[in-house]
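Engineer: Structure provided below as C-alpha cells; questions to follow.
Protein chains: 2
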Amino acid sequence: MIKIALVQGNFWVGNIEGNTARIINAIDKAYKEKIDIVVFPELSVVGYPPQDLLLKKYFIKENIKAIHKIASYTKNIIAIVGFVHRAEKEGSIYNACALINKGKIIDVYCKVNLPNYGVFDEKRYFKPGRDISAYSFKNYSFSANICEDLWRSSYVRLLKDKKFDFIVNISASPFCMGKLSLRKEILSYTARELGCFVFYCNLVGGQDDLVFDGGSMVVSPEGKILKFAKRFKDDFIVFSLPARKVKSYHIKEVPEEASFEALSLGINDYVRKNGFKKVIVGVSGGIDSAVVVSLAALTLGKSNVYGLIMPSRYTSESTFSDAKRICENLGVKYSVIPITPIFDAYLKALKNVFKDLPFDKTEENIQARIRGNLLMAFSNKFGYLVLNTGNKSELSCGYCTLYGDMVGGFGVLSDIPKTLVYKLANYINRYSKKKVIPSSVIKRPPSAELKPNQRDSDSLPSYDILDVILKFYIEDDLSLDDIVKKGIKRTLVKKVIGMVDRNEYKRRQAPVGIKITPKAFGGDRRMPITNGFSH
Amino acid sequence: MIKIALVQGNFWVGNIEGNTARIINAIDKAYKEKIDIVVFPELSVVGYPPQDLLLKKYFIKENIKAIHKIASYTKNIIAIVGFVHRAEKEGSIYNACALINKGKIIDVYCKVNLPNYGVFDEKRYFKPGRDISAYSFKNYSFSANICEDLWRSSYVRLLKDKKFDFIVNISASPFCMGKLSLRKEILSYTARELGCFVFYCNLVGGQDDLVFDGGSMVVSPEGKILKFAKRFKDDFIVFSLPARKVKSYHIKEVPEEASFEALSLGINDYVRKNGFKKVIVGVSGGIDSAVVVSLAALTLGKSNVYGLIMPSRYTSESTFSDAKRICENLGVKYSVIPITPIFDAYLKALKNVFKDLPFDKTEENIQARIRGNLLMAFSNKFGYLVLNTGNKSELSCGYCTLYGDMVGGFGVLSDIPKTLVYKLANYINRYSKKKVIPSSVIKRPPSAELKPNQRDSDSLPSYDILDVILKFYIEDDLSLDDIVKKGIKRTLVKKVIGMVDRNEYKRRQAPVGIKITPKAFGGDRRMPITNGFSH
Chain A
30 MIKIALVQGN
40 FWVGNIEGNT
50 ARIINAIDKA
60 YKEKIDIVVF
70 PELSVVGYPP
80 QDLLLKKYFI
90 KENIKAIHKI
100 ASYTKNIIAI
110 VGFVHRAEKE
120 GSIYNACALI
130 NKGKIIDVYC
140 KVNLPNYGVF
150 DEKRYFKPGR
160 DISAYSFKNY
170 SFSANICEDL
180 WRSSYVRLLK
190 DKKFDFIVNI
200 SASPFCMGKL
210 SLRKEILSYT
220 ARELGCFVFY
230 CNLVGGQDDL
240 VFDGGSMVVS
250 PEGKILKFAK
260 RFKDDFIVFS
270 LPARKVKSYH
280 IKEVPEEASF
290 EALSLGINDY
300 VRKNGFKKVI
310 VGVSGGIDSA
320 VVVSLAALTL
330 GKSNVYGLIM
340 PSRYTSESTF
350 SDAKRICENL
360 GVKYSVIPIT
370 PIFDAYLKAL
380 KNVFKDLPFD
390 KTEENIQARI
400 RGNLLMAFSN
410 KFGYLVLNTG
420 NKSELSCGYC
430 TLYGDMVGGF
440 GVLSDIPKTL
450 VYKLANYINR
460 YSKKKVIPSS
470 VIKRPPSAEL
480 KPNQRDSDSL
490 PSYDILDVIL
500 KFYIEDDLSL
510 DDIVKKGIKR
520 TLVKKVIGMV
530 DRNEYKRRQA
540 PVGIKITPKA
550 FGGDRRMPIT
560 NGFSH
Chain B
30 MIKIALVQGN
40 FWVGNIEGNT
50 ARIINAIDKA
60 YKEKIDIVVF
70 PELSVVGYPP
80 QDLLLKKYFI
90 KENIKAIHKI
100 ASYTKNIIAI
110 VGFVHRAEKE
120 GSIYNACALI
130 NKGKIIDVYC
140 KVNLPNYGVF
150 DEKRYFKPGR
160 DISAYSFKNY
170 SFSANICEDL
180 WRSSYVRLLK
190 DKKFDFIVNI
200 SASPFCMGKL
210 SLRKEILSYT
220 ARELGCFVFY
230 CNLVGGQDDL
240 VFDGGSMVVS
250 PEGKILKFAK
260 RFKDDFIVFS
270 LPARKVKSYH
280 IKEVPEEASF
290 EALSLGINDY
300 VRKNGFKKVI
310 VGVSGGIDSA
320 VVVSLAALTL
330 GKSNVYGLIM
340 PSRYTSESTF
350 SDAKRICENL
360 GVKYSVIPIT
370 PIFDAYLKAL
380 KNVFKDLPFD
390 KTEENIQARI
400 RGNLLMAFSN
410 KFGYLVLNTG
420 NKSELSCGYC
430 TLYGDMVGGF
440 GVLSDIPKTL
450 VYKLANYINR
460 YSKKKVIPSS
470 VIKRPPSAEL
480 KPNQRDSDSL
490 PSYDILDVIL
500 KFYIEDDLSL
510 DDIVKKGIKR
520 TLVKKVIGMV
530 DRNEYKRRQA
540 PVGIKITPKA
550 FGGDRRMPIT
560 NGFSH
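Residue numbers (the numbering used here), protein chains in the order written: chain A, 30 to 564; chain B, 30 to 564.
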C-alpha cells in the first residue's frame with residue numbers, strides 16, 4: 030500500500046521564509062500521519078506567479094537555500110515540492126519540482142511545457158525541461174510533472190510509453206469561470222489515456238489579479254474523480270493505493286457561487302497579504318457598491334469595513350436611503366459627507382475660465398473625482414484600503430471616471446459583467462439568509478446620478494445585450510462582422526466596439542482587479558492604447 | 030551595381046490601411062529613383078508592437094490582404110516588407126518579411142529568434158522560424174533577417190557558412206540610453222564576422238511607452254558605419270554596391286540630447302496618433318513641470334500648450350512667479366486657479382470625522398488631488414490631453430500622490446531620473462538659446478509645497494545618491510547586500526528599497542510613460558504588488 034497526501038496550501042508570492050515554514054510543517058504532519066508521498070503545488074517555495082522577482086539572482090538564491098532547508102527537514106517520507114531550479118553552469122532557471130527523501134534532493138524535474146499566453150509569461154523567465162520524470166516506490170512506478178505539461182497531448186503521449194501506475198501533477202492553475210470543468214476533462218482524459226491514477230495538487234489563494242481555487246483531486250484510471258479537495262480554501266487530502274471502492278464526485282460550478290467564493294478569497298488575500306486590516310467602500314445606493322460592501326463585510330467581518338456615503342444634489346432620496354440601509358443591514362459603520370459644497374467651490378474656481386459653457390461630462394466628472402478624493406482622504410487618514418466598485422461592463426465602455434469612481438487599491442468587480450453583478454446581489458441575499466441588499470437597489474434602473482434624471486441607458490445599450498457584445502468582442506476576439514452575424518445590429522456593435530477601443534487608456538490606470546472570466550483586463554489582455562486599427 | 034534603399038518610416042500600430050499606403054508610396058518613389066532593393070522595418074504593415082491585436086484573426090487577415098496589395102503594386106524592384114505571416118495549415122503566425130518582386134511574393138522569411146524579455150512578448154504570439162533566408166540578385170548573394178536574429182551569435186554562425194555579399198536586417202528596436210552603441214557593436218561584429226555589408230533598417234516613431242529612434246545604417250565588412258540615417262525622424266537612405274570610398278561615421282550619444290529627442294518624438298506621436306491637438310500641463314514653478322511644459326511647447330508649438338497654475342497657501346511667492354515666468358518665456362497661455370477655497374471646502378466637509386487629528390499626508394494629498402481634478406476638468410471641457418510631470422525618482426519612491434500629481438494621459442518624465450531632469454532643463458535652455466527655464470527654478474531645493482517649509486530632502490536622500498541606488502536596484506536588479514558593497518550606507522539602501530517595493534501599487538495606476546532607461550516601469554518591469562519578499 031502507498032499513501033499519498035496533497036497539500037493544497039496558500040503559498041505567498043515572494044514570501045520564501047513563510048512558505049518554507051509552511052512546507053516543513055506540512056511534511057512533518059504528513060510524516061506523523063504515515064504518508065509515503067507528500068505533494069505540494071507548483072512553485073510553492075516562491076509562490077505563483079513570482080513575475081520579475083525571478084530576474085533577481087538573490088531571489089533565486091534564497092529559493093535554492095529554502096529547498097535545501099526543506100530537504101534537510103525531510104525524514105523517511107518522499108516530498109514533491111515546486112521551486113525554481115537554477116542550472117549551475119549556464120545560469121538558466123527552470124520551473125521545477127524536487128523529489129526529496131531522507132534529507133536529500135533525489136531528483137529535479139523541470140517543466141517541459143511553459144505557458145506563455147493569457148496571464149502567463151513563463152517563457153520570459155524559464156528554460157523548458159526536456160524529459161519526463163520516472164520514479165518508483167514500493168513497487169509503484171510514477172511520474173511527476175507540472176501544470177501545463179498535462180495540458181498538451183504530445184506530453185501525454187510521452188508518458189504513455191512508460192506505463193506508470195500513477196502521475197503526480199503539481200499546479201498553479203488560476204480560477205476563471207469554466208476552468209474547473211476544463212481541468213476535470215484534461216485530467217480525466219490523461220488518466221484514461223494512460224490507464225493510471227492522476228494526483229492533481231493545485232495552489233489556493235489570491236495574488237493580485239489571480240485567485241487560485243484549489244480543487245485538488247485524485248482521478249481514477251477510468252477518469253472518475255475519487256477525491257476532491259475544497260475549493261477556495263486550504264486543504265490536505267490523503268488517498269491510498271490500491272484504491273478502495275469509493276463513490277465518485279460529480280462536479281458542477283454555479284457561476285455566481287464560484288464568483289462569490291473567488292471574490293471573497295481575492296479580497297481577503299489582497300487585504301491580508303498587503304498588511305491592511307480595514308477597507309472602505311464608497312456606498313452610493315447603487316447595486317455595484319452594494320455588492321462590494323456586502324462581499325467585504327461577509328469576508329472581512331463587519332467591523333473591518335467602513336462605508337462612505339457621498340450624496341450630491343443629483344442623488345435621489347431613495348438611493349440615499351438605500352445606501353444607509355445597506356450599511357445598516359450589514360452592520361458596518363458609515364459616514365455621510367455631502368459633496369455639494371465642495372462641488373460648488375470647484376464651480377466657483379472654474380467660473381472665470383469656463384464662463385457660460387454648458388454643463389457637460391466635465392461637471393459630472395468633477396463630482397466623481399470629489400468622491401475619489403474623499404475616499405482617499407479616509408484611506409490616508411485611517412489606513413483603510415479603498416475597494417473599487419466598478420464592474421467590467423462599465424470599465425469596458427469607459428462608462429466611469431478616471432480618478433473618480435475608478436479610484437481604489439483593488440478592483441473587486443472589474444471582471445464581473447453587470448448582468449453577473451445582479452446575480453451576485455441575489456446570491457448574497459440568499460447566502461446571508463436576509464435581504465442585505467434591498468429589492469429597490471436591485472430593481473432601480475442603473476444611474477450614475479451625476480446630472481438630473483440620468484440613466485445608464487442614456488449612454489449604453491441595455492446590459493443584457495451589452496454584456497453579450499462585450500463577451501464576443503473581448504473574450505472571443507470576434508470581429509464586427511462576426512458579431513453582426515450573431516444577429517446584433519451593426520450600428521450597436523460598432524458603437525460598443527468603438528467605446529471599448531477608445532477607453533484602453535482608462536483601463537491602463539485602473540486598479541488591479543480579480544480575474545473571473547476567461548479574459549480579464551490587465552495582463553490577460555494586452556492592448557495598445559495608441560491603436561490605428563479601424564473596423 | 031546594385032542600389033539599396035532603407036525606408037525608415039513611422040509605421041503606426043494597428044493602422045494597416047495607412048501603413049500600406051505609406052509602403053506603396055515609398056516603393057513607388059524607390060522605383061522612380063531606380064533602386065534595386067527597397068527595405069522596410071520589422072512588421073511595417075501592422076506597426077510594432079501590435080500586442081494582443083495579434084490574437085484577433087481578422088486583424089491578421091487584414092494584414093495578409095495588405096501584403097498582397099503591396100505586392101500587386103510592386104513593379105520591377107525588390108521590396109522587403111515586414112508583416113505577419115500565417116501558416117495556412119496550422120494557423121500559427123510568424124513575425125516575417127516578404128520578398129516581393131513584379132507583383133508577387135517571392136519568398137517569406139520567418140524570424141527565428143523571438144525576444145521575450147524586457148518590453149518584448151514575441152513568444153506570446155509568434156512561432157519561431159527555422160531557417161535563414163538566401164537570395165541572389167545581379168550576382169550578389171544576400172540574406173534577410175529580422176531584428177533579434179542578429180543579436181544571437183548562434184544565428185550569425187549559421188549565416189557564416191553561406192558567404193553572403195550582404196545582409197539585410199529589418200528592425201523595430203526601441204530607444205533606450207546606450208542602445209545605439211550596443212546596436213553599433215552588434216552590427217559591426219556581424220559585418221566583420223561575416224566579412225560582408227550589413228544593411229540595417231530600423232523603425233521610427235512613438236508608440237505608447239516606446240520610442241523607436243531610427244538610426245538605420247549601412248555597415249562595411251570592416252565594421253565601419255558608411256551611412257547613417259537620421260535619428261528620431263523619418264528618413265530614406267540609399268547606398269550602392271560596390272561601395273565607393275566614403276568617410277565612416279563616428280557615433281556618440283549625449284544622454285540629455287538623446288532623451289530630449291526621444292521625449293519630443295514620444296510626446297508628438299502620442300498626441301497625434303491618439304487624435305489630440307492640444308495638451309495641458311500643471312505648472313508649479315518646480316523643475317519637473319518646467320521641463321515638461323517646455324518640451325511640449327518646443328514639440329507641439331506654443332499655441333498647442335496650455336499651462337495651469339494652481340497655487341495653494343503653501344506655494345511660495347517665488348515659485349508662483351517662476352511658474353508664470355516659464356509660461357511667459359515659452360509664450361504659452363495659462364490660467365491661475367488658487368486651490369485654497371476648494372481645499373477649505375474639503376477640510377470643512379471632513380471636519381466632523383477628522384475632528385482634531387493632526388495635519389498629515391492626508392491633507393497634503395487632498396491638495397494634490399484637487400489639482401488633479403482641475404487639470405482633468407480642463408481636459409474634459411476643452412479636449413486637452415493632460416501631460417503628467419512626475420519623474421522616475423519620485424515614482425520609484427512613491428513620493429507622489431495617486432490621482433493627484435500622478436494624473437495624466439501620458440507620463441513624459443516617468444522614466445527620467447531627477448538628476449537627468451536637471452540636465453534636460455539645462456539642455457532645453459541651450460537648445461532654445463534663451464533662459465526658458467529660469468535659474469531660480471533650477472537652483473531652488475525641490476519641494477512639493479504641500480505643507481509649510483516642506484523639502485523633498487525631508488523624506489528622500491539627496492537625488493545624487495538616490496538615483497544611484499535606484500539604478501542599482503531597479504535597472505541592475507542588485508540586492509541590498511550588493512548595493513551596500515558599492516559603498517552606500519545600509520540603512521539608506523534599505524530605506525530606499527523599502528519605498529520602491531511598497532509603492533508598486535501606485536505605479537500600477539500611473540499613466541503610460543516614455544521608456545528612456547534600460548529598464549522602465551510598466552511592461553518592462555513586471556513586479557507583483559502583493560510581494561512577501563523581504564531583504
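Note that CB positions come from ideal geometry on N, CA and C, so glycine has one too.
(1) Give me, in chain order, the residues of the same chain whose beta-carbon lies closer than 7 Å to that of Pro-481(B); leave out the 5 immediate sequence neighbours on both sides.
(2) Does Tyr-146(A) come within less than 8 Å of chain B when only Cβ atoms are used?
(3) Which of the residues in the stretch 413-445 of chain A, read from start to end, lie with their CB under 8 Å from any CB of chain B?
(4) What separation, rounded to the nearest whole angstrom, lies between the Cα atoms of Lys-362(A) and Val-322(A)?
(5) Ignore the nearest five residues each way along the sequence and tell me which others in Glu-565(B)'s own chain have a CB closer than 7 Å to its CB.
(6) Going by DSSP, what residues sit across from Gly-243(B) in a beta bridge?
(7) Taking the C-alpha atoms as reference points, what is the distance between Asp-136(A) and Leu-128(A)?
(8) Taking Asn-402(A) as the query, report the chain B residues whose CB atoms sit under 9 Å from its CB, ordered along the chain.
(9) Does Gly-561(A) get closer than 8 Å to chain B when you measure Cβ to Cβ?
(10) Can you tell me whether DSSP reads Asp-485(A) as helix, strand or coil?
(11) For Val-227(A), which residues does DSSP report across the bridge?
(12) Using the beta-carbon of each residue, which ones in chain A are nearer than 8 Å to Leu-82(B)?
(13) Go ahead and pull the three-state DSSP assignment for Ala-319(A).
(14) Taking only the alpha-carbon atoms, compute the straight-line gap between Leu-499(B) and Asn-532(A) and give it to the nearest angstrom.
(15) Just the chain B side, please: which residues come within less than 7 Å of Asn-409(A) by C-beta, in chain order?
(16) Mapping the DSSP letters down to three states, classify Leu-329(B) as helix, strand or coil.
(17) So for Ala-55(B), helix, strand or coil by DSSP?
(18) Determine, for Arg-505(B), whether the minimum Cβ-Cβ distance to residues of chain A falls below 8 Å.
(19) Are the stretch 454-466 of chain B and the stretch 328-337 of chain B touching by the rule of at least three beta carbon pairs closer than 8 Å?
(20) Assuming Val-148(A) and Leu-239(A) make a contact with CB atoms under 8 Å, what is their CB distance in whole Å?
(21) Measuring alpha carbon to alpha carbon, tell me which residue in Tyr-60(B), Ile-53(B), Asn-39(B) is nearest Lys-572(B).
(22) What did DSSP end up calling Ala-300(A) once you bin it into helix, strand or coil?
(23) Thinking just about the alpha-carbon of each residue, which of Lys-253(A), Val-267(A), Gly-132(A), Met-206(A) is nearest to the one in Asn-69(A)?
(24) Scan the stretch 213-242 of chain A for residues whose Cβ lies nearer than 7 Å to a Cβ of chain B and list them as they occur along the chain.
(25) Can you round the beta-carbon distance between Ile-96(A) and Ile-134(A) to whole angstroms, since I take them to be within the 8 Å contact cut?
(26) Short of 7 Å in beta carbon distance, which residues of its chain neighbour Val-522(A), apart from the five on each side in sequence? Order them along the chain.
(27) Which class does Gly-158(B) belong to by DSSP, given the choice of helix, strand or coil?
(28) Can a CB atom of chain B be found closer than 8 Å to the CB of Leu-379(A)?
(29) Identify which residue in Ile-543(A), Val-365(A), Asn-303(A), Met-339(A) has its Cα closest to the Cα of Asp-434(A).
(30) Along chain B, which residues have their Cβ under 7 Å away from the Cβ of Val-382(A)?
(31) Where does Arg-181(B) sit, in a helix, a strand or coil, going by DSSP?
(32) Does Gln-538(A) come within less than 8 Å of chain B when only Cβ atoms are used?
(33) Closest Cβ-Cβ distance between Ala-325(A) and chain B: below 8 Å?
(34) Taking DSSP's pairing of strands, which residues face Pro-203(A) in a bridge?
(35) Going by the CB atoms, is the gap between Val-197(B) and Ala-163(B) shorter than 8 Å?
(36) Using a threshold of 8 Å, state whether the C-beta atoms of Val-415(B) and Gly-440(B) are closer than that.
Structural biologist: So, from the data block:
(1) Tyr-343
(2) yes
(3) Listed by position along the chain: Leu-431, Tyr-432, Val-436, Gly-438.
(4) 11 Å
(5) Since the first residue shown for chain B is 30 and the last is 564, residue 565(B) is missing from the structure and cannot be characterised.
(6) Arg-260(B)
(7) One C-alpha to the other measures close to 5 Å.
(8) Contact of Asn-402(A) with chain B by beta-carbon distance below 9 Å involves Tyr-375, Asn-394, Ile-395, Arg-398, Ile-399, Gly-401, Asn-402, Tyr-432, Gly-433.
(9) yes
(10) helix
(11) Ile-196(A), Val-248(A)
(12) Met-556, Pro-557, Asn-560, Phe-562
(13) helix
(14) It is roughly 33 Å from the alpha-carbon of Leu-499(B) to the alpha-carbon of Asn-532(A).
(15) Lys-390, Thr-391, Asn-394
(16) For Leu-329(B), the secondary structure class from DSSP, reduced to helix, strand or coil, is helix.
(17) helix
(18) With the sequence shown as reference, residue 505(B) is identified as Asp, and Arg is not the correct amino acid for it. No, its Cβ sits nowhere closer than 8 Å to a Cβ of chain A.
(19) no
(20) 6 Å
(21) Outside the shown range of chain B (30 to 564) lies residue 572(B), about which nothing can therefore be said.
(22) One detail in the question is off: residue 300(A) reads as Val in this sequence, not Ala. Correct three-state label for Val-300(A): helix.
(23) Reading the sequence as shown, one finds Phe at residue 69(A) and not Asn. Minimum Cα distance to Phe-69(A) is reached at Val-267(A).
(24) Gln-236, Asp-237
(25) 7 Å
(26) These residues qualify, in order along the chain: Ile-498, Leu-509, Ile-512, Val-513.
(27) coil
(28) yes
(29) Met-339(A)
(30) Ser-364
(31) Residue state for Arg-181(B) is assigned as coil, using DSSP reduced to three classes.
(32) Yes, its Cβ sits closer than 8 Å to a Cβ of chain B.
(33) Ala-325(A) does not count as touching chain B.
(34) Phe-241(A)
(35) Taking 8 Å as the Cβ cut-off, Ala-163(B) and Val-197(B) do not qualify as a contacting pair.
(36) no
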